[in-house]
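Down below is the structure, laid out as structure tokens.
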Amino acid sequence: MIASSSRTEPVLDEPTRELCAAVVGGRLAPARLAIVAPGGYGKTAVLDHVAEGRLRSGSPVARFGEHDADAEFVLVDDAHELGDDGFEELRRLADDEARGLVIAARPWPRPAALNGVLARLRGQVVLRPLESARIAALLGPSRAGLAEFVHAETAGVPGLVARLARTLGAEPDVPPSALADFKADLDRLAPDTLVLLLAAQAGTGLDTGLLAGLLGRSPEGVADAVDAARASGLLGHDGTLPPLVSRALTTLVPADRRLAVCQRLVRSQLDRGGPVLELVRPLLGGGLTGEESAAAFEAAASEAAPADPALGARLFGEAVAAGRPATAVGTRWAEAAARAGDLDTALRIADQVVADVSAPERAEAARIAATALTHRGQLGRAAELFRWSGTRLSTVYAAVCLLGTGEAAQARGLLDLPAGDEPPTLLSGAMAGLAGGLLASLDGPQTGALSTVVGAAETLEPVGRELLLPDSPAAVGALAGIHGGELEVAKTLLERALAAEPGGEALRARHRLLLGWIAMLRGEPETATDQLSAAGSDLAPRDWLFAVALRAGLARRESDLAGLRRIWAEACDAVIRHPVDLFTLLPFGELAVAAARLGDRDRLAHHMRSAAELLRRLGEPPLWTAPVHWSGLHAAITAEQGDEARDHVAALARDEERGGFHAVLAAAARCWLDVLAGRVDARAVEHAAQGLHDAGLRWDGARLAGQAAIRTTDRAAMVALLDRARVLRGRAPGDAVTDPGGGPKLSERERQVAELVVKGLTYKQVGDQLFISAKTVEHHMARMRQRLGATSRGDLLAQLRVLVSE
Numbered sequence: 013m014i015a016s017s018s019r020t021e022p023v024l025d026e027p028t029r030e031l032c033a034a035v036v037g038g039r040l041a042p043a044r045l046a047i048v049a050p051g052g053y054g055k056t057a058v059l060d061h062v063a064e065g066r067l068r069s070g071s072p073v074a075r076f077g078e079h080d081a082d083a084e085f086v087l088v089d090d091a092h093e094l095g096d097d098g099f100e101e102l103r104r105l106a107d108d109e110a111r112g113l114v115i116a117a118r119p120w121p122r123p124a125a126l127n128g129v130l131a132r133l134r135g136q137v138v139l140r141p142l143e144s145a146r147i148a149a150l151l152g153p154s155r156a157g158l159a160e161f162v163h164a165e166t167a168g169v170p171g172l173v174a175r176l177a178r179t180l181g182a183e184p185d186v187p188p189s190a191l192a193d194f195k196a197d198l199d200r201l202a203p204d205t206l207v208l209l210l211a212a213q214a215g216t217g218l219d220t221g222l223l224a225g226l227l228g229r230s231p232e233g234v235a236d237a238v239d240a241a242r243a244s245g246l247l248g249h250d251g252t253l254p255p256l257v258s259r260a261l262t263t264l265v266p267a268d269r270r271l272a273v274c275q276r277l278v279r280s281q282l283d284r285g286g287p288v289l290e291l292v293r294p295l296l297g298g299g300l301t302g303e304e305s306a307a308a309f310e311a312a313a314s315e316a317a318p319a320d321p322a323l324g325a326r327l328f329g330e331a332v333a334a335g336r337p338a339t340a341v342g343t344r345w346a347e348a349a350a351r352a353g354d355l356d357t358a359l360r361i362a363d364q365v366v367a368d369v370s371a372p373e374r375a376e377a378a379r380i381a382a383t384a385l386t387h388r389g390q391l392g393r394a395a396e397l398f399r400w401s402g403t404r405l406s407t408v409y410a411a412v413c414l415l416g417t418g419e420a421a422q423a424r425g426l427l428d429l430p431a432g433d434e435p436p437t438l439l440s441g442a443m444a445g446l447a448g449g450l451l452a453s454l455d456g457p458q459t460g461a462l463s464t465v466v467g468a469a470e471t472l473e474p475v476g477r478e479l480l481l482p483d484s485p486a487a488v489g490a491l492a493g494i495h496g497g498e499l500e501v502a503k504t505l506l507e508r509a510l511a512a513e514p515g516g517e518a519l520r521a522r523h524r525l526l527l528g529w530i531a532m533l534r535g536e537p538e539t540a541t542d543q544l545s546a547a548g549s550d551l552a553p554r555d556w557l558f559a560v561a562l563r564a565g566l567a568r569r570e571s572d573l574a575g576l577r578r579i580w581a582e583a584c585d586a587v588i589r590h591p592v593d594l595f596t597l598l599p600f601g602e603l604a605v606a607a608a609r610l611g612d613r614d615r616l617a618h619h620m621r622s623a624a625e626l627l628r629r630l631g632e633p634p635l636w637t638a639p640v641h642w643s644g645l646h647a648a649i650t651a652e653q654g655d656e657a658r659d660h661v662a663a664l665a666r667d668e669e670r671g672g673f674h675a676v677l678a679a680a681a682r683c684w685l686d687v688l689a690g691r692v693d694a695r696a697v698e699h700a701a702q703g704l705h706d707a708g709l710r711w712d713g714a715r716l717a718g719q720a721a722i723r724t725t726d727r728a729a730m731v732a733l734l735d736r737a738r739v740l741r742g743r744a745p746g747d748a749v750t751d752p753g754g755g756p757k758l759s760e761r762e763r764q765v766a767e768l769v770v771k772g773l774t775y776k777q778v779g780d781q782l783f784i785s786a787k788t789v790e791h792h793m794a795r796m797r798q799r800l801g802a803t804s805r806g807d808l809l810a811q812l813r814v815l816v817s818e
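For the sequence shown, the positions run 13 to 818 when this note's numbering is used.
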């Protein structure tokens, strides 16, 4: 309670202060008021405020029990605690209509005699929880910033606010002394009231049936217990505890007593068949054993797993530790672990179930193990387990894995098997559509295959969030879209997948990484980096491969050779852990170019041979082969392997008649060979670069135009191609490249710096000659690189050589 008048002003809201002022000033005479509120709401503070105000004004006031029969104004506190004699005296005071009377009481217990007295009064003072502004005033200027913290801990209950304010320091922490103050309050509670508070702490809310079993009372008796707890000020009206009260119970009530209440609640809820998750949470990590505890953990795990698979997996583990046979919960445990991204646990538990010939869910366990292996990139082993599982859905999954490893004939055979008696669910339909679209992508029109996969992705959206999937139609459809130059379709698929969350948390990173890949191809490094960061760092091997390749690709496109070297060790580890399959051609292709840039092509040679063999077994499907040859071309160009580069150009040309993306890549590939040979047809280059840009390969288009510009001997062509490169990179044509007369726009100082740098001088040597610092030289070079739109230091130096030779 707050007993000092110097502390009451912030506690009282404006209406209460005005009412008290009217009572003190005599404007409300005679004042005959009731103050009914739970403990801690400031009833005593109001009485003190009125008493002190009247004393200051010289008006007599008496406290009930002082036997001042002639007092004109009487204040009564804790009227609910009076006995028969007290109520008789209170009735006598209430009968005197000329006497001022203010009675404070809790809302429970409410004896009939007290009701009779309160009915004779003329008004009631309403006390409310404190708002943050009043809490800030109570804390004072030095701690006003902690008002929100105090409000959250106390729910604004004035007595709790005052208790925390007395002990609170300068940081938002609850000091132990604030909790110790509750001991007296808890000691005064009736046993059933304390049990009810412990039940509220466990999360029962106001479930009358559950509380009736716990307290051994009728529903009416439960209502009385709830009213008593609310009247104490420790239980909110909605049946929850202010966090400060919950902390006090945890600190001051022995753990075994709290545990006993939780266990009784769980037992009662299990008997009723009701939810137990919130009741079981406090039991986690308690080392409980026995059939009853195991059943509680299992029920809670089943309840938690759909929305929180990590918690579900932990609870299943507790159930087994408590004595539940692993084969009874192993399949659900493994699935929850896999959905949470814990592939090691999922594989370990699922394998135990598969190996146990008496386990009833071996087929489901095999499906889960195969799914985990798919996330690890082990499609061959996954296909074996999916086929052994034997369900229609597992058979479809096996077909997808077989297609990923180049075994198209086996995949077709599985998909041609009769469906049997299994129902045609949305899931099975969607995944069958995915498999069918993949088959079509090998020899059918690209648009038809992509349309089938897009339809599968949309079919799965309403039901996919809580499913464990080896891959999502959205991710596979996006891969097909990226391979075929349909980046907008791929982007839309992935954005819808992020909203619908097919496959839940286990596939969220995959969808983000593929969005990052699209952003990288489009020359949007900031967006790609954001998606990479949002994907997180705790990744499955398949996602890790994409993440490392994405980082390498971004570093390469930013000409960050030092960064690429830092990434390379991790990239080497990733490729060792992940075999090549149809769905990882993009990262392996990007890493092959990075390997050439770092002079370490042997590291990727085996994987690129595996990729070529995989595509050969699939019949060299143009949709999937084109990006591989495009990456191979750039790796060969970087490594200065002319014959190899010509082979890739020839491979791209074989599919040119298909038109669309294939024609774009073939034309651009021919331009690259001509540019490297010093034959620059500016119109052909501009057309090819624009084609790459329109297909979504914006960085590639700008780079082709830029490289052609620095290799042509035609000054007009050079300027036009530089402008084209700048436009393709998202800059305005002629942006600070040429002056009004058409000449390169370099300042005199920049030209001096450029001339010395292209001669091979270091920044320090240039600075020494020009009497400027090396840092200033670096600044000039950075400005020129930005102005010229150079994609690398080599690109910048080549452009500067052209400019300073004019």
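Don't be surprised by glycine CBs; every beta carbon is placed ideally from N, CA and C. Given the structure is predicted, the values throughout are model-derived calculations rather than measurements.
Taking its Cβ as the centre, do 16 or more other Cβ atoms sit within 10 Å of residue i, making it buried, or is it exposed?
| i | result |
| --- | --- |
| D655 | exposed |
| R805 | exposed |
| S154 | exposed |
| H387 | buried |
| K55 | buried |
| I588 | exposed |
| D555 | buried |
| L446 | buried |
| T20 | Low confidence applies to T20: its pLDDT is 47, below 50, so where it sits in the model is not reliable enough to give any reading. |
| E498 | buried |
| Q281 | buried |
| H495 | buried |
| Q136 | exposed |
| E165 | buried |
Could you give the residue range of the alpha helix (DSSP H) that holds residue i?
| i | result |
| --- | --- |
| A116 | Run containing A116: none in the alpha helix (DSSP H); it sits in the beta strand (DSSP E), G112 to A117. |
| F398 | L391 to S401 |
| H163 | A159 to T166 |
| S305 | E303 to A316 |
| E232 | P231 to A243 |
| L815 | R805 to V816 |
| V687 | G672 to L688 |
| A367 | L355 to A367 |
| H660 | G654 to R666 |
| V770 | E760 to V770 |
| V692 | First-last for V692: undefined, no H or E at that position. |
Have a look at the DSSP bridge pairing and note the partners of residue i.
| i | result |
| --- | --- |
| G135 | L45 |
Check residue i in the structure and name its three-state DSSP category.
| i | result |
| --- | --- |
| L87 | strand |
| R75 | strand |
| F595 | helix |
| W120 | coil |
| P639 | helix |
| F194 | coil |
| Y775 | helix |
| H792 | helix |
| R336 | coil |
| D96 | helix |
| C32 | helix |
| Y53 | coil |
| E434 | coil |
| G456 | coil |
| E183 | coil |
| G228 | coil |
| D25 | coil |
| V58 | helix |
| G718 | helix |
Report task. Would you list, in sequence order, the uninterrupted alpha helix (DSSP H) runs of no fewer than 4 residues that lie entirely inside the region 469–557? Result -> 485–495, 499–512, 517–533 and 537–546
* Asked: What alpha helix (DSSP H) runs, 4 residues minimum, are completely inside the region 572–621?
  -> 573–589 and 597–609
Complete runs of the alpha helix (DSSP H) confined to the region 247–310 [at least 4 residues]:
255–264, 267–284 and 289–292
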